[in-house]
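One structure is given here, and the rest of the page talks about it.
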Amino acid sequence: MSRHPKHATPDHEILPAIGERWSPRAFDPGRDVSRADLLRLFEAARWAPSSFNEQPWRFVVTGPRTSPEPHARLLASLMGSNQAWATHAPVLVLTAVAATLARSGEQNEHAWYDMGQAVAQMIVQATSMGISVRQMQGFDRDQARAACQVPATFDPVVVIAIGYAGDPDALASEKHRAQERQPRLRRALTDFVFDGIWEGNPFR
Ligand SMILES: Cc1cc2nc3c(=O)[nH]c(=O)nc-3n(C[C@H](O)[C@H](O)[C@H](O)COP(=O)(O)O)c2cc1C
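Quick look at the structure:
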C-alpha cells in the first residue's frame with residue numbers, strides 16, 4: 002500500500018495516529034460525523050492534563066442540520082478564505098477558555114495552553130477513528146462569541162472543522178487545491194531540541 006502524501010515522514014518512531022494526522026481543507030460534505038463519535042472526541046479532550054486541573058476548555062458544537070442558526074452564524078464569523086472550504090465541513094466547533102481560575106479568581110495564564118492540549122488529544126483520537134480536523138484562528142472573535150452565546154468570562158480560542166477528508170479537486174481555491182496535495186514540512190529536531198544549553202547544542 003502506498004503511503005498517503007500527507008502522512009509524516011518521521012526520523013524516529015511515533016504512534017500511527019500522530020504520523021497519519023493532517024489537516025485537510027477538503028471535507029466530504031455528504032458524510033456526517035455521528036453524535037456518538039463526536040462524544041468520543043470530546044471524551045479524549047476531557048482527559049487532557051491542565052494547570053491546577055482547572056479544565057478551562059469549553060466546546061460549542063454546531064452543524065447545519067443539528068443547529069442550523071448557530072452554525073450559519075459561526076460559519077459567517079470565519080474569514081473569507083476559511084469560509085470557502087469550511088462551508089463543506091459537517092461540524093464546526095467553537096472553542097473557548099475560562100479567562101480566570103475557578104480556585105482564586107486570578108487570571109488563568111495557562112488556559113490557552115491547556116486548550117491546545119485538550120484539542121491535541123481530541124485530534125489524535127479523531128485520527129485513530131479516520132476523522133479529520135482542521136483548526137482555525139482566522140475568525141472574528143466577537144462574531145463567533147455572539148453566534149454561540151459565549152459568556153463574557155470565557156475567551157474564544159479557535160474554530161475547529163471536523164469531518165471526513167474529501168476530494169481536493171472540490172476545493173474552490175486553486176491555491177488550496179495545490180496545498181491539499183503538498184507534503185507536510187517540519188523543522189528538524191536539531192533545530193528545536195537542545196542538549197543542556199541552547200546555542201550550538203542540538204539534542205541528538
Ligand atoms: C492555532 C491554529 C490556527 C490555525 N488557523 C488556521 C486557519 O485560520 N486557516 C487554515 O486554513 N488553517 C489553519 N490552521 C491549520 C494549520 O495551517 C496547519 O495545522 C499547519 O499548516 C500544519 O499542517 P498539518 O496540520 O496538516 O500538519 C491552524 C492551526 C492551528 C494549530
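When you line the sequence shown up against the numbering used here, it's residues 2 to 205, in that order. For each residue, glycine too, the CB sits at the ideal point set by N, CA and C. What you are looking at is a predicted structure, and each value in this text was computed from that prediction instead of being measured.
query: What residues in its chain sit with their C-beta under 7 Å from that of Q108, if we drop five residues either side in the sequence?
result: Within the sequence shown, the letter at position 107 stands for residue 108. Closer than 7 Å at Cβ, skipping near neighbours: A100, T101.
field: Proximity to H5 [Cα-Cα], best of T67, M123, W23
entry: Counted from its first residue, the sequence shown places residue 5 at position 4. The shortest Cα separation from H5 among T67, M123, W23 belongs to W23.
task: Let me know the beta strand (DSSP E) ranges lying completely inside the region 43-129, each 3 residues or longer, listed in chain order.
output: Complete beta strand (DSSP E) runs here, min 3: 58-63, 92-99.
- request: Please indicate yes or no: does the CB of Q138 lie closer than 7 Å to some heavy atom of ligand 1?
  value: On the sequence shown, position 137 is the one that residue 138 refers to. Yes - ligand 1 has a heavy atom lying nearer than 7 Å to the Cβ of Q138.
- request: Could you check if D196 is buried or exposed, using at least 16 other CB atoms within 10 Å of its CB as the buried criterion?
  value: Locating residue 196 in the sequence shown gives position 195, counting from the first residue. Burial call: exposed.
query: Would the C-beta of V94 count as close to ligand 1, meaning under 7 Å from any of its heavy atoms?
result: Locating residue 94 in the sequence shown gives position 93, where the first residue counts as 1. Every heavy atom of ligand 1 is 7 Å or more from the Cβ of V94, so no.
message: DSSP three-state label for Q180, please.
response: Within the sequence shown, residue 180 is the residue found at index 179, counting from 1. Here Q180 sits in helix by DSSP.
task: Name the two residues that bound the continuous alpha helix (DSSP H) containing I163.
output: On the sequence shown, residue 163 is found 162 positions in, with the first residue counted as 1. Segment 155-164 is the beta strand (DSSP E) holding I163; no alpha helix (DSSP H) there.
message: Taking 6 Å as the limit between beta carbons, can you name the residues of its chain near A45, skipping five residues before and five after?
response: Counting from 1 along the sequence shown, the entry for residue 45 is found at position 44. For A45, where only same-chain residues beyond five positions count, the Cβ hits under 6 Å are Q122, M123, Q126.
message: Taking DSSP's pairing of strands, which residues face V134 in a bridge?
response: As a position in the sequence shown, residue 134 is number 133, starting the count at 1. DSSP lists I163 as partners of V134.
Neighbourhood of A49 by C-beta, 6 Å cutoff - its chain only, sequence neighbours within 5 removed: Here the question's residue 49 lines up with position 48 in the sequence shown. Within the same chain, A49 has close Cβ partners Q118, A119, Q122.
field: For F193, the three-state DSSP class (helix, strand or coil)
entry: Reading the sequence shown from its first residue, position 192 is the one you call residue 193. For F193, the three-state secondary structure derived from DSSP is helix.
query: Can you tell me the Cα-Cα spacing of S51 and G139, whole angstroms?
result: Within the sequence shown, the letter at position 50 stands for residue 51. Within the sequence shown, the letter at position 138 stands for residue 139. Distance between the alpha carbons of S51 and G139 is about 25 Å.
message: Less than 7 Å separating the Cβ of S174 from some heavy atom of ligand 1?
response: Along the sequence shown, read from residue 1 onward, the residue named residue 174 stands at position 173. Checking every heavy atom of ligand 1 against the Cβ of S174, none is found closer than 7 Å.
Three-state secondary structure (DSSP) of P30: Here residue 30 corresponds to residue number 29 of the sequence shown, with the count starting at 1. Coil, per DSSP.
message: Just to confirm, is the Cβ distance from L95 to A87 under 8 Å?
response: Residue 95 sits at position 94 when you count from the first residue of the sequence shown. Residue 87 sits at position 86 when you count from the first residue of the sequence shown. Their beta carbons are not under 8 Å apart, which means L95 does not touch A87 by this criterion.
message: What I want to know is whether the C-beta of W58 ends up closer than 7 Å to one or more non-hydrogen atoms of ligand 1.
response: Mapped onto the sequence shown, residue 58 falls at position 57. Result no, Cβ not under 7 Å from ligand 1.
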